[in-house]
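> Heads up: the sequence shown at position 118 corresponds to 118 in full-length UniProt numbering, and the numbers run straight through without jumps.
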Amino acid sequence: MFEATGLMVFYENMLALNNVSLNCDRNKIIGVFGANSAGKSTLMYCLSGIVLDIRKKEEMAGGERITIRGKILFEGKDVMWEKPANRAKAGIILCPERRRIFPESTVLENLRIGGYLATAQQAKDTLDYVMEIFPALKRLTNRLGGFLSGGEQQMLAIGRSLMAQPRLLLLDEPLLGLSPAIQYLLAKSIKNIRDQRGTSIIVSEQYARPIMPIIDYGYILENGAAVVEGTKSELMDNPDVKAAYFGT
Ligand code: ATP
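Below, the structure is given as structure tokens:
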């Protein structure tokens, strides 16, 4: 369904993504694990197309030169050079790192903004679904985004992405900075989204423990390269992966 091959990104001469290939089948959850600066966000920017916008902005500002290479097939179509808006229309939706909700809009307004591509009926049904999967948001619909806790903001960010009707949802470090209890709760919700809606999901995290139980297949990124890949059990049985990503 989604097949990325040989992705490379250079920020000037710095190789941030080194020949990364990654697949995601329908109805699967794929994990991407890596330390700070391993290239997780750059990979997500590549998959969503945002890297093209960043390159364009840098070019217009006379800033650094960004070089991009690779191929991305989504449902049989090559989307590698499609703008992020076109990829979003096709169903590839990025929920970026550090949430990026609109702090001065209410929860409901944030969600409605996410649904701008949806039909009225889809928006209504998805709003009901977001409230069902994140009941904590239900009593907060009129609260400003900026006054939510970190966990609530992350629920809102994922809810807003769901409003855009993803077929492939890209979650960049959704658990960052949250307490362990909230991390496990959110990981369960992410799995529920796949189970209940059939949404394919690629999720990146620095720390594997809360996310590993919900993935089908995963990749370990180091210095921009995918150095290990495998099923959940293959990764969990790998002593190097355990030592580096499980804190054991
Ligand atoms: P983190 O967990 O800290 O967000 P990450 O795994 O998401 O890290 P990236 O943000 O993709 O990693 O960064 C990969 C490398 O590319 C880092 O060395 C980073 O400093 C560099 N980098 C990222 N964005 C740019 C940019 N716009 N210009 C120059 N270098 C960049």
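Where a beta carbon is used, it is the ideal one built from N, C-alpha and C, also for glycine. All values reported here derive from a predicted model rather than from experimental measurement.
Buried or exposed: Thr-42, going by 16 or more other Cβ atoms within 10 Å of its Cβ?
Buried, by the Cβ-count rule.
> Identify every run of the alpha helix (DSSP H) within the stretch 17-82, keeping only runs that are complete inside it and at least 4 residues long; order them along the chain.
Counting whole runs of 4 or more residues, the stretch 17-82 contains the alpha helix (DSSP H) stretches 40-48, 50-60.
> When you measure from the CB of Ser-189 to every non-hydrogen atom of the ligand ATP, does any distance come out below 6 Å?
The answer is no for Ser-189.
> Could you tell me if the beta carbon of Lys-40 falls within a distance shorter than 6 Å of some heavy atom in the ligand ATP?
For the ligand ATP, at least one heavy atom lies less than 6 Å from the Cβ of Lys-40.
> How many angstroms separate the CA atom of Ala-16 from the CA atom of Lys-124?
Cα-Cα distance, rounded: 40 Å.
> Please determine, among Tyr-45, Gln-196, Ala-244, Lys-232, the residue with the shortest C-alpha to C-alpha distance to Glu-132.
Of the listed residues, the one whose Cα sits closest to Glu-132 is Gln-196.
> Quick one, are the C-beta atoms of Leu-171 and Val-107 less than 7 Å apart?
Cβ atoms of Leu-171 and Val-107: not closer than 7 Å.
> Is there at least one non-hydrogen atom of the ligand ATP closer than 6 Å to the beta-carbon of Gly-115?
Every heavy atom of the ligand ATP is 6 Å or more from the Cβ of Gly-115, so no.
> Applying the 10 Å Cβ sphere with the 16-neighbour rule, what's the burial state of Lys-104?
Here residue 104 turns out to be Glu, not Lys, going by the sequence shown. By the 10 Å Cβ count, Glu-104 comes out exposed.
> Using a threshold of 7 Å, state whether the C-beta atoms of Met-80 and Lys-71 are closer than that.
Yes, these two residues count as a Cβ contact at 7 Å.
> Distance, Cα to Cα, Cys-95 vs Ile-50?
Cα-Cα distance, rounded: 12 Å.
> I need the straight-line Cα distance from Tyr-116 to Asp-237, nearest angstrom please.
Cα to Cα, Tyr-116 sits roughly 44 Å from Asp-237.
> Using the Cβ count rule (16 or more neighbours within 10 Å means buried), how would you classify Thr-126?
Thr-126 should be labelled buried.
> If you drop the 5 nearest sequence neighbours on each side, which residues of the same chain put their C-beta closer than 6 Å to that of Ile-215?
Excluding sequence neighbours, Ile-215 sits near Ile-29, Gly-31, Lys-232.
> Got a sec: does the ligand ATP put a non-hydrogen atom nearer than 6 Å to the Cβ of Ser-21?
No, the ligand ATP has no heavy atom inside 6 Å of this Cβ.
> Going by alpha carbons, who is nearest to Leu-47 out of Ala-4, Gly-63, Ser-200?
The option with the nearest alpha carbon to Leu-47 is Ala-4.
> Three or more C-beta pairs under 8 Å: does that hold for the stretch 32-40 against the stretch 55-69?
Short answer: they don't touch.
> From the DSSP output, read off the bridge partner residues of Asp-172.
Its beta-bridge partners are Ser-204.
> Helix, strand or coil for Ile-158, going by three-state DSSP, please let me know.
Correct three-state label for Ile-158: helix.
> Using beta-carbon positions only, say whether Pro-166 and Ile-211 come within less than 7 Å of one another.
No. Outside cutoff.
> Using 6 Å as the cut-off, classify the Cβ of Tyr-219 as near or not near the heavy atoms of the ligand ATP, replying yes or no.
No, the ligand ATP has no heavy atom inside 6 Å of this Cβ.
> Since Leu-221 and Gly-91 are thought to touch, with beta carbons under 8 Å apart, how far apart are those beta carbons, to the nearest angstrom?
About 24 Å; that fails the 8 Å criterion.
> Could you tell me the distance, in whole angstroms, from the CA atom of Gly-6 to the CA atom of Met-44?
Gly-6 and Met-44: Cα-Cα distance of roughly 14 Å.
> Report the rounded CA-to-CA distance for Asp-128 versus Glu-75, giving the unit in angstroms.
Taking the straight line joining both Cα atoms gives about 28 Å.
> Going by CA-CA distance only, name the one from Asp-78, Gln-183, Met-1 that's closest to Gln-153.
Nearest option by C-alpha distance: Gln-183.
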